[in-house]
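Here is the structure we will look at.
Residue numbers (this note's numbering): 19 to 309.
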């Protein structure tokens with residue numbers, strides 16, 4: 019088995035994790051590679067192990083499993099950069115609040131044991147596909163694991179967004195923006211905006227308004243088979259669309275967005291003993307009946 023490492027080398031503990039995990043993998047009799055991203059870091063001298071380095075795409079081609087070292091953002095970035103060459107991902111969490119990573123620095127020894135003994139399962143997580151259509155006929159496609167967010171950008175004006183669902187009119191939202199999220203993304207920005215938590219074993223698309231100018235404008239959960247179109251009721255300057263919190267696209271008022279379930283999925287490794295509801299209780303601080 020070949021295990022590829024990638025991550026956020028700007029995190030202070032990135033090199034500590036790499037220096038610790040590389041011997042664990044080698045002792046298990048498997049190979050380990052690392053993405054060349056860290057070579058741009060002025061602190062690369064902190065790498066104390068002799069590990070083969072490859073450009074990211076080649077790393078993914080050659081690896082059976084990818085370990086991401088960082089927070090949820092690192093895992094999201096890795097998923098996007100894989101494009102169609104999808105390999106199972108295990109996150110080693112060294113960030114703040116995070117829902118996607120299955121392991122931490124304290125549990126990575128056990129995680130490596132599970133992986134090298136092939137004692138794990140793989141969860142397929144749905145993604146969203148975004149088509150951005152402009153008046154000149156150009157259409158660009160993007161993919162998101164968590165969410166696609168439309169907002170009013172630098173302007174303080176309310177954004178009026180008309181939404182249709184499979185050609186049926188849903189609503190014209192007057193708000194600071196809209197969040198279109200997957201079940202995986204339901205515990206991200208959508209949750210902060212009042213959206214529901216949705217278990218990732220079902221496929222849905224949730225539309226959550228951001229600070230709507232109406233108490234009746236509530237989140238709505240749609241089947242993932244629907245095709246959602248969003249357009250803007252007024253010519254508006256400053257509109258922006260953000261994919262997974264990482265790619266931000268400026269938009270014109272004439273831009274039309276098409277959002278639907280992507281043909282791509284992401285494969286996340288689930289380790290024995292890890293439970294989605296246990297993660298929720300821990301991350302959300304649910305402690306039971308406090309009365």
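Ideal placement from N, C-alpha and C gives every residue a C-beta, glycine not left out.
Residue i vs residue j beta-carbon contact at 8 Å
i, j, result
"residue 259", "residue 166", "yes"
"residue 81", "residue 20", "yes"
"residue 24", "residue 74", "yes"
"residue 183", "residue 216", "no"
"residue 87", "residue 112", "yes"
"residue 218", "residue 141", "yes"
"residue 203", "residue 237", "no"
"residue 98", "residue 172", "no"
"residue 107", "residue 96", "yes"
"residue 37", "residue 67", "yes"
"residue 251", "residue 156", "no"
Residue i to residue j span [Cα, whole Å]
i, j, result
"residue 84", "residue 253", "44 Å"
"residue 267", "residue 44", "42 Å"
"residue 121", "residue 227", "33 Å"
"residue 181", "residue 195", "12 Å"
"residue 148", "residue 299", "32 Å"
"residue 270", "residue 255", "7 Å"
"residue 136", "residue 223", "32 Å"
"residue 272", "residue 261", "19 Å"
"residue 241", "residue 201", "11 Å"
"residue 244", "residue 278", "7 Å"
"residue 303", "residue 154", "49 Å"
"residue 247", "residue 189", "11 Å"
"residue 116", "residue 301", "8 Å"
"residue 103", "residue 78", "7 Å"
"residue 101", "residue 225", "25 Å"
"residue 176", "residue 163", "27 Å"
"residue 286", "residue 118", "8 Å"
"residue 198", "residue 89", "22 Å"
"residue 33", "residue 146", "33 Å"
"residue 55", "residue 41", "21 Å"
"residue 150", "residue 282", "18 Å"
"residue 265", "residue 207", "15 Å"
"residue 284", "residue 105", "8 Å"
"residue 152", "residue 168", "15 Å"
Strand pairing of residue i, partner residues [DSSP]
i, result
"residue 233", "In the DSSP output, where bridge partners are listed per residue, residue 233 has none listed."
"residue 192", "178"
"residue 239", "224"
"residue 27", "In DSSP, residue 27 forms no bridge with anything."
"residue 40", "In the DSSP output, where bridge partners are listed per residue, residue 40 has none listed."
"residue 219", "None; residue 219 has no bridge partner."
"residue 143", "284"
"residue 248", "181 and 275"
"residue 158", "150"
"residue 125", "Looking at the DSSP assignment, residue 125 forms no beta bridge with any residue, so it has no partner."
"residue 266", "260"
"residue 111", "88 and 122"
"residue 187", "182"
Beta-carbon separation (whole angstroms), residue i vs residue j, contact threshold 8 Å
i, j, result
"residue 232", "residue 192", "7 Å"
"residue 31", "residue 123", "7 Å"
Taking only runs that begin and end inside the stretch 64-93, name each unbroken alpha helix (DSSP H) of 4 or more residues, in chain order. 74-80
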